[in-house]
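> UniProt numbering numbers the first residue of the sequence shown as 1 and each following residue consecutively.
Even glycine gets a Cβ: it sits at the ideal position worked out from N, Cα and C.
Owing to the predicted nature of the structure, the values given are computational and were not obtained by experimental measurement.
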Amino acid sequence: MGAWGSKPWESDGAADWFAEFFEGIDVDARIDAAFEYDDEYDQIRAAGYLLAVLGRPTVWPGDLERLDDHLERGIELLTEMIEPDSDFRDLWEDDPDVVAAVRDEIAALEARLEGDDDDDDDDDDDEDDDFEEIDDFDVDEAAEDDTAEDNAPDEDSEEDFDDEE
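1) Return the CA-CA distance between VAL98 and ALA52, expressed in angstroms with no decimal places.
2) Within the stretch 7–85, note down every full beta strand (DSSP E) run reaching 3 residues or more, in order along the chain.
3) Just to check my reading of the structure: GLY55 and LEU77 have Cβ atoms closer than 8 angstroms, yes? What is that Cβ distance to the nearest angstrom?
4) Of all the options ASP95, PRO61, GLU80, which has the alpha carbon lying nearest to the alpha carbon of GLY24?
5) Around the Cβ of LEU91, are there at least 16 other Cβ atoms within 10 angstroms (buried) or fewer (exposed)?
6) Short of 6 angstroms in beta carbon distance, which residues of its chain neighbour ARG73, apart from the five on each side in sequence? Order them along the chain.
7) Pairing CB atoms from the stretch 1–8 with CB atoms from the stretch 37–48, are three or more of them under 8 angstroms?
8) Compute the beta-carbon to beta-carbon distance between ILE82 and LEU109, rounded to the nearest angstrom, for a pair I have assumed lies under 8 angstroms.
9) Please go through the same chain and pick out, in chain order, the residues whose beta-carbon is closer than 8 angstroms to the beta-carbon of TYR19, but skip the five residues on each side of it.
10) What is the rounded straight-line gap between the Cα of LEU67 and the Cα of PRO96?
11) By Cβ distance, which residues of its chain are closer than 6 angstroms to GLU105, with the 5 residues on each side in sequence left out?
12) Taking the alpha helix (DSSP H) that ALA3 belongs to, which residues open and close that run?
13) In angstroms with no decimal places, state the Cα-to-Cα distance between ALA3 and ASP12.
14) Alpha helix (DSSP H) containing ASP104: first to last residue?
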């Protein structure tokens with residue numbers, strides 16, 4: 001087996017599987033389309049997420065020679081989105097959680113562009129941190145959030161709830 005690390009994407013078998021999985025999908029064209037207009041915020045963020053998750057040489061299903069260009073464009077667009085007077089921030093009413101999430105997305109793309117976790121097998125702790133930053137979805141926290149939402153008072157009873165405090 002040709003493996004160079006312990007991550008799920010760090011083996012010849014995984015690289016082959018990724019190639020077969022994405023066969024027939026023109027990933028580069030789809031990323032280009034998502035990045036075509038700088039006000040398609042949802043598409044830009046979704047494409048940026050895919051670049052962060054799949055933007056490793058052994059996983060990337062597109063043209064490797066274009067990967068850095070995609071990463072750079074994603075960083076550029078996401079950075080523009082969180083500039084102080086941007087329409088994106090107005091749309092989200094300067095929500096600090098959203099701005100922080102976009103900053104995290106930018107950091108993930110910058111890490112991919114710098115190759116922080118592609119060639120550095122000696123520092124497994126940093127690799128674990130990179131993986132967690134990109135895929136930081138906490139199932140337990142999400143379940144708690146869902147439970148809290150299910151048990152939250154509806155709009156009609158919210159006024160009564162405020163009075164009790």
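Considering the structure as presented:
1) Position 98 of the sequence shown, counted from the start, is the residue given in the question as residue 98. Position 52 of the sequence shown, counted from the start, is the residue given in the question as residue 52. Counting only the Cα atoms, ALA52 lies some 17 angstroms from VAL98.
2) Here no run is fully enclosed.
3) As a first step, residue 55 must be located in the sequence shown, where it is residue number 55. As a first step, residue 77 must be located in the sequence shown, where it is residue number 77. Actually they do not touch by this definition, with Cβ atoms about 15 angstroms apart.
4) The residue labelled residue 24 in the question sits at position 24 within the sequence shown. The candidate whose alpha carbon is nearest that of GLY24 is PRO61.
5) As a first step, residue 91 is located in the sequence shown; it is residue number 91 there, counting from the start. Per the 10 Å Cβ criterion, exposed.
6) As a working note, residue 73 is residue 73 in the sequence shown. PHE35.
7) No, they do not touch.
8) Numbered from its first residue, the sequence shown carries residue 82 at position 82. Numbered from its first residue, the sequence shown carries residue 109 at position 109. Between LEU109 and ILE82 the Cβ distance is about 13 angstroms, and since that is not below 8 angstroms, they are no contact.
9) Indexing the sequence shown from 1 puts residue 19 at position 19. Strictly speaking, residue 19 in this sequence is Ala, with Tyr absent from that position. Cβ neighbours of ALA19 beyond the five flanking positions: PRO61.
10) Here the question's residue 67 lines up with position 67 in the sequence shown. Here the question's residue 96 lines up with position 96 in the sequence shown. Taking the straight line from one Cα to the other gives about 30 angstroms.
11) Position 105 of the sequence shown, counted from the first residue, corresponds to residue 105. Its chain contains GLY48, LEU78 as the residues whose beta carbon lies nearer than 6 angstroms to that of GLU105, once the 5 sequence neighbours on both sides are disregarded; these appear in chain order.
12) Residue 3 sits at position 3 when you count from the first residue of the sequence shown. Careful: ALA3 lies outside any alpha helix (DSSP H) and carries neither H nor E.
13) Here residue 3 is taken as the residue at index 3 of the sequence shown, counted from 1. Here residue 12 is taken as the residue at index 12 of the sequence shown, counted from 1. Roughly 6 angstroms separates the two Cα atoms.
14) Within the sequence shown, the letter at position 104 stands for residue 104. In the DSSP assignment, ASP104 falls within the alpha helix (DSSP H) that extends over 96–114.
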